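Working notes, beginning with the structure itself.
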Amino acid sequence: MPARVLTVDDDEDVLNLLRLQLQQLHTVVRATNGRDAWSLIESEPPDVIVTDLVMPGLNGLDLTERIKSHETHKTIPVIVLTGATVDEEISPQVWKLGTMADAFMEKPVGAEELLAEIDRLLKKRAGWREPPPGKGYYD
């Protein structure tokens, strides 16, 4: 069964690209701002959220904080996408430390990389644990 992925961005081109990247494996729902995204989350919670960082009104960090502080929605994985870290000294890993997001990725993000991260977060939410580095399940 495909996961329901909510994509949030104020740029229609980015939303269209995300839909193209994800629709082969997942059901994609779209919102053009954080406030509309919150309404969708409240009415029919998605399995994963992929949100832009910089948006007018309710930005990606505020949306993520609202989700992660909500008793019912706090387990929904959130991936924050941004172009704000491009050409900066601050890595996405450092940005993630200051947020409640489950992952923080730089735009443009490749389809394989994004699909792999969504898969990892869905497995983590379901209780699947990754083997330690260098160890497989059959070792």
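Our numbering numbers the first residue of the sequence shown as 399 and each following residue consecutively.
Note that the Cβ used here is the ideal one computed from N, Cα and C, for glycine as well.
These numbers were taken from a predicted model, which means no experiment stands behind them.
Determine, for residue i, whether the minimum Cβ-Cβ distance to residues of chain D falls below 8 Å.
i, result
"L461", "Although the question refers to chain D, the structure presented lacks it and comprises just one protein chain."
Among the options, which has the Cα closest to the Cα of residue i?
i, options, result
"E388", "A499, T497, H471", "What the structure shows of the chain is the stretch from 399 to 537, and residue 388 is not part of that stretch, so it cannot be assessed."
"V448", "G525, S467, W526, D517", "D517"
"P475", "A524, G481, L451", "A524"
"D460", "R402, E515, A435", "A435"
"E515", "K505, W526, A501, P506", "A501"
"K522", "H468, V507, T473", "T473"
"E440", "H468, D411, L513", "H468"
Spell out the partners DSSP gives residue i in its beta bridges.
i, result
"E504", "T480"
"D450", "L479"
"R402", "T425"
Cβ of residue i within 8 Å of Cβ of residue j?
i, j, result
"L520", "V426", "no"
"M503", "I477", "yes"
"A509", "Q421", "no"
Report, in whole angstroms, the separation of the C-beta atoms of residue i and residue j, which I expect to be a contact under 8 Å.
i, j, result
"L423", "P400", "6 Å"
"T480", "L451", "4 Å"
"R402", "P444", "5 Å"
"R433", "L413", "Going by Cβ atoms, the distance from R433 to L413 rounds to 16 Å, so no, they are not a contact pair."
"N542", "D409", "Outside the displayed range of the chain (399 to 537) lies residue 542, so it cannot be described from this structure."
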